[in-house]
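As you go down the protein sequences, you meet chains W and R in turn. For what it's worth, numbering that gives the first Met the number 0 labels the leading residue of the first sequence as 0, then goes sequentially. For what it's worth, numbering that gives the first Met the number 0 labels the leading residue of the second sequence as 0, then goes sequentially.
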Amino acid sequence: MRKASIYGAFNARWLTPEEIARTFVPIPQFAQLVQTQSSILMGPRGCGKTTLLKMLTREAQDQWRSVSLSQNPQEIELYPRPDFEAVYIPSDVRWSYELTSITEEDDLPALLGERVQRTMFSLAATSEVTKVFEEILGPGSRSSQRLAAALVAHWKLNDIVPVMSEIRLRLLSFGTRLRYAIHKGDKDAVASAIDGLPECFASHALEAIITACSVFGETAARRVRPKRWCLCFDELEIAPEWLQKELLECLRSLGDQSYLLKLTWSPVLPNILPKPDDRQARPKADYATIRVWHSHVVDAKSFCKNLSTRLIRDRLGDRDLDPSSVFGRSLFAAEERLGEDNDVYGKGSEVWEAMVELAARDPSFRKFLEGEGLDYENPVSDNTKKRDECLRKIKPIVLLRETFKKTSLARSRKRPTLYAGEEAIYAMSDGNPRWLAGLLNDLLDFAHISPGTTPRPLVPQSLQAQVLAAASHRMKTYIKSFPHGARGKSDYSPVSLYEMMECLGEYFRSQLLGPEFKDDPVGSFEVDEGLGQAVVDAIHRGLLIGAFIFVGQSPQDVASAVEGSRLRLSFMLCPAYHLSLRNYREIHLSSILNASRDPRQHEMFPLEEDSGAS
Amino acid sequence: MQVESISLSSLDEAVACGSVLISACGYETRSRALPEAIGDKVALRLAFGFDEHKQALARPENEDAFRSMGYRIKPSSGDSAAAVEPILKEALAVARDAQGAILIDISSMTRAWYGGLIRALMRRSGKDRVSTFFFYVPGKFRAPPENTSRNEIVAPVDGFASLAPPDLPVALVLGLGFEPERALGVRQLLDPKRTVLLLPRFGVDDPFYPYIEKSNADILAETPAEWIFEYPLDEPLAAYAALESICGGLEREFRVVLASLGPKLFGLICFLLGARNPRTSVWRVSSGAGAPPQEVLPDIERLIVCRADWGEDTSPA
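Have a look at this one:
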């Protein structure tokens, strides 16, 4: 059997809008995105940005509304049909890196190289726009032919049958001619190929698209003209710099109310955009910043449950199954509601047993309980406040210490499995749809439904723990192998994201499993100033690939810069480092790096304030 | 120019018609193996000399050897192809005048250098014809280093980016090497819809093979068996044909990216394929300047010589 891959499960980039719509599970951020306002959608890879953009398109909306929403009519009110016509402009690493490489070649002058980039981009984007035109007008319809004729005339395309598909083929052939000239290193042929096109193709990033849309506006019947166009650009954080700059500037002030922009970006706001505090000084919000990641487990719970339920039922073919029946509850990761669940901490409960057992061999924990006025041989409390503020808070730490500390001295007893159960799976995914789908598919490989008695949970928790531990180690491997250098550049990057992650993981583990029991351990870090650009760049990479998660003050909070941000490790890494699936307080990153006992860390992270010290 | 034909050749055939030998003065002992085998049988002898690691391993000894063998050494950064054009220009002029061939020893070259040479050949215009002989001296077996280098740079090679627009998903065709985990990083960055893996094998009892399998166990386990292939390192033509067939099949539904982590011979095959088929991109995966140099002893008995004949580019734009 092929070993599962956490990244192989689900990638919206490969799917058509209709395919995406069939499995779409809406999130609150989608309600923000459908607003008639430009937006910047921020988040790490796999968090669902491409899915959300594609869901704005006509094809996806038609599919979703005809099938899914008919089953959940209450969602129609929550997610009204967008009041614009969305055009999705695809991109990916290969496209962005290859476009960028044009200006890095020795053979092409910089100015010509940028003209090539602009032209290639415009040709690809305009081709996508013509597909949307056909969707609106109907392929082969008379109005589509009239529009095609108008575009042919406007762009002076000679000897071409005026239909959209032929226009796309002609645009494709322009691109091929240009690519061939570049391949042969023929600068004159490159310049000639660009000069042979209408100027709008080598001009501003939006010029060719807006020109095409204007022709549509002049040609198409009033009843089919969109009120406004919404241009959706994906993976902008890896696009050539001029493209980033021009689109981000348009985000702030496009001028023409007929156009909106929806852009995707990494979890840190681009420098060119004002910080959120600065924006508050300007009453008019010209664009919305939409965060598509979750820093707290509770924020993602509803989405995770919905996606999991759907995936389980599709995969196992049983409409009555739900995540808790397949995976069971997680004592370790579940957050009991305030004042309820007396039995969780009651005498004889699993948590009680763990506390008693730990107190028997961990003097520091015994001392903690005594300090809280609890009997370490019978740590119960009828006081709701005590349960909520103390026992609920320390539960995961107790379970961790009882499992991993000095187990040779421990009594033989059946301990609860830590990294297993519904809540643990959701937490580990950090609400990232791709990761969640990957974990679920890995786990469901072990689910067997047989006639007659079906065990609950369907997947034994001991097996779940093995699968989730393997996923955690795979995450570490992915982080380790992710390219470290700046794109295409040969400068050696002295700071390793992986080594930084190891340092943090070990530090946080020592907080939880160290000699002294801590009820308020450190579990996150603030990136202080003065750490150096190499450290900042490594953290930025970590945020992009999901190794680090930004923890804001609120679910809408975004990082305006890496420095000053509060971050934590992804919960996907928790099994590998024996960490809790909760947010804990932060300290400065420099303190953690300085506290590392490994002298190599000081070489790897040469903090600017330490430079020159012996 | 375009590649008109590729064939297997021999040292004797190459030396018989060679007018120029372009080599690389590196830090591996392997670096001087072919120059020593050829001696002064080729009139003009040129070499790239690494700017980096000038005192590392066998570099000082190699430099002495190259100079004493009459090589003119052109300093160059391993990541830069800037030195390629003047070297090739001189080589082509000499080969044209002597009606001879250009011999290129890629054994210790970086991908930037031999990729740059192929790119420069690809970009020559005119009706010239030239034969090139590519030499590869495999290294004697050594176990993978304990401290593995990391992926510093993953990017398209200059001149080999196909620039195909993103209307089709990406297929990554990856030649595996024996450094652990690097293949995963390449795939993670490119996020392809399809991954095809190629494992090199030199004969039946290739001692490298088990290490390559072990070092790439994760990515091999995650890739469907139907997309895992072996290629014969000692039969470059067969390897080329296999790769061409794989890429040709994928092109209908994918934008293909070729990348090589393994032996340089596979990198050469990728470049020759990319030169013939501009729809296929060739990317490089490099440890960058931070990677520690590794010694490689030559296994000259297993020398591989591959001939590529170039002629006028008659393909339509």
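Quick reminder that beta carbons are idealized off the backbone N, C-alpha and C, glycines included. Here the structure is a predicted model, which means the values were calculated and not measured.
- At least 7 Å separates the beta-carbon of Lys475 of chain W from that of Glu180 of chain R.
- Within the segment 65 to 97 of chain W, the residues whose Cβ lies closer than 7 Å to any Cβ of chain R are, in chain order, Pro89, Ser90, Asp91, Val92, Arg93, Trp94, Tyr96, Glu97.
- Taking 7 Å as the cut-off, the beta carbon of Ser428 of chain W is found closer than this to the beta carbon of Leu435 of chain W.
- Beta-bridge partners assigned by DSSP to Ser75 of chain R: R:Phe49.
- For Asn377 of chain W, the three-state secondary structure derived from DSSP is strand.
- For Thr15 of chain W, no alpha helix (DSSP H) segment is defined, and its DSSP state is neither H nor E.
- DSSP places Ser22 of chain R in no alpha helix (DSSP H) but in the uninterrupted beta strand (DSSP E) bounded by 17 to 24.
- In this structure the segment 153 to 160 of chain R touches the segment 114 to 125 of chain R; the number of beta carbon pairs closer than 8 Å is three or more.
- Across the structure, Val128 of chain W and Cys229 of chain W are spaced so that their CA atoms are roughly 11 Å apart.
- Look at the segment 175 to 190 of chain W: the residues with a C-beta under 9 Å from a C-beta of chain R are Thr175, Arg176, Leu177, Arg178, Tyr179, Ala180, Ile181, His182, Lys183, Gly184, Asp185, Ala188.
- If you keep only unbroken beta strand (DSSP E) runs of at least 3 residues inside the segment 80 to 133 of chain W, you get 84 to 88.
- Counting along the chain, the unbroken alpha helix (DSSP H) around Met474 of chain W starts and ends at 460 to 480.
- Under the three-state reduction of DSSP output, Val397 of chain W falls in the helix class.
- Sixteen is the threshold: since fewer than 16 other Cβ atoms of the shown chains lie within 10 Å of the Cβ of His447 of chain W, the residue is exposed.
- Along the segment 175 to 203 of chain R, going in chain order, the ones with a CB nearer than 7 Å to a CB of chain W are Glu180, Arg181, Leu183, Gly184, Gln187, Leu188, Leu189, Asp190, Lys192.
- A straight line joining the alpha-carbon of Asp298 of chain R with that of Ser79 of chain R spans about 28 Å.
- For Leu162 of chain R, at least one C-beta of chain W is nearer than 7 Å to its own C-beta.
- If you check each beta-carbon in the segment 311 to 329 of chain W against every beta-carbon of chain R, none falls closer than 9 Å.
- Rounded to the nearest whole angstrom, the C-alpha separation of Lys404 of chain W and Leu512 of chain W is 7 Å.
- For the pair Ala332 of chain W and Tyr230 of chain R, the Cα-to-Cα distance works out to about 48 Å.
- For Thr476 of chain W, the chain R residues whose C-beta falls within less than 7 Å of its own C-beta are Glu180, Leu183, Asp217, listed in chain order.
- Taking 4 residues as the shortest admissible run, the segment 52 to 112 of chain R contains the following complete alpha helix (DSSP H) segments, listed from N- to C-terminal end: 58 to 67, 83 to 97.
- Nearest to Glu505 of chain W by C-alpha distance, out of W:His577, W:Glu525, W:Ser461, is W:His577.
- Under DSSP, Ile227 of chain R shares a beta bridge with R:Leu196.
- It is roughly 15 Å from the alpha-carbon of Leu14 of chain W to the alpha-carbon of Trp63 of chain W.
- With a threshold of 16 other beta carbon atoms within 10 Å, Leu77 of chain W falls short and is exposed.
- At the C-beta level, Leu242 of chain R and Gly176 of chain R stay beyond 7 Å of one another.
- Around the beta carbon of Gly316 of chain W, a 10 Å sphere encloses fewer than 16 other beta carbons of the protein chains shown; the residue is thus reported as exposed.
- Pairing Thr288 of chain W with Ile75 of chain W gives a Cβ-Cβ distance that is not under 7 Å.
- In the structure shown, the three-state DSSP call for Gly310 of chain R is strand.
- Phe159 of chain R carries a coil assignment under DSSP once its states are collapsed to helix, strand and coil.
- Between Val153 of chain R and chain W, the shortest Cβ-Cβ separation is below 7 Å.
- Here Gln1 of chain R is bridged, per DSSP, to R:Gly310.
- Comparing C-alpha distances from Ala237 of chain R to each of R:Ile303, R:Asp204, R:Val284, R:Ala182 shows the shortest one belongs to R:Ile303.
- Using beta-carbon distances, Asp157 of chain R counts as an interface residue toward chain W, with a partner under 7 Å.
- Approximately 6 Å separates the beta-carbon atoms of Thr131 of chain R and Ile103 of chain R; this is inside 8 Å, confirming the contact.
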